[in-house]
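Numbering (our numbering), first residue to last: 20 to 170.
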Amino acid sequence: MLTESLKRQFTNAFAVLEAAIPSFREDVWRRGKSPFDGPARATAHALQCGEFYTCRDRAVLENLGKKKIWEMSDDEMPSQESMLRYLSQVRDKTMAWLDGIGDAGLATPMPDVHAATTLEWVVYALRHFQHHTGEICAYQKQAGLPPAPWK
């Protein structure tokens with residue numbers, strides 16, 4: 020029951036980001052004033068962290084080819100199409116991770132991270148993802164676009 024509720028919340032958060040990504044013009048999508056600024060970089064960060072927080076097996080991290088976003092030039096930033104593919108992968112991994120935890124697993128300790136329980140870690144991952152999704156919606160407004168619909 021709890022796991023299904025968390026899956027619905029993650030599904031809604033992914034849907035907002037999925038609606039936002041294709042809304043940007045290409046010249047706006049890739050540009051940013053700092054290594055973490057702009058829609059592409061904010062999206063990459065949200066998805067890379069989403070994958071990192073929900074994938075305990077570090078060997079299978081896709082992580083956009085393992086390149087750090089602050090090391091990429093604007094032109095190296097992933098296209099909107101490739102970011103949508105990555106979003107799909109991260110969403111699938113997140114749902115599989117939550118299925119693997121199950122309700123009983125939410126109360127288990129998480130000693131290797133800054134969370135007392137698995138539930139606290141899941142909630143942190145969701146809050147972090149939503150924070151950056153909101154940031155991307157703010158980039159939409161700056162670009163004169165309506166923000167992605169809230170889910």
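Idealized CB from N, CA, C, for every residue including glycine.
What does a CB cutoff of less than 7 Å around TRP89 pick up in its chain, not counting 5 residues either side in sequence? Setting aside the 5 residues that flank it on each side, TRP89 is surrounded in the same chain by PRO54 and PHE55, each with a C-beta closer than 7 Å to its C-beta; the list follows chain order.
Does the region 145-155 come close enough to the region 57-67 that 3 or more CB-CB pairs lie under 8 Å? Touching, per the Cβ criterion.
Minimum length 3: unbroken beta strand (DSSP E) runs contained in the region 58-144: Listed in chain order, the complete beta strand (DSSP E) runs (minimum 3 residues) inside the region 58-144 are 134-136.
Just reading off the alpha helix (DSSP H) that LEU36 is part of, what are its end residues? From DSSP, the alpha helix (DSSP H) with LEU36 extends over 21-39.
Just to confirm my understanding: we take ALA61, look at its own chain, exclude 5 residues before and 5 after, and list those with CB closer than 6 Å. What are they? Hits under 6 Å: HIS151, GLU154 and ILE155.
C-alpha distance - ARG49 paired with TYR105, whole-angstrom precision: Taking the CA atoms as reference points, ARG49 sits about 16 Å from TYR105.
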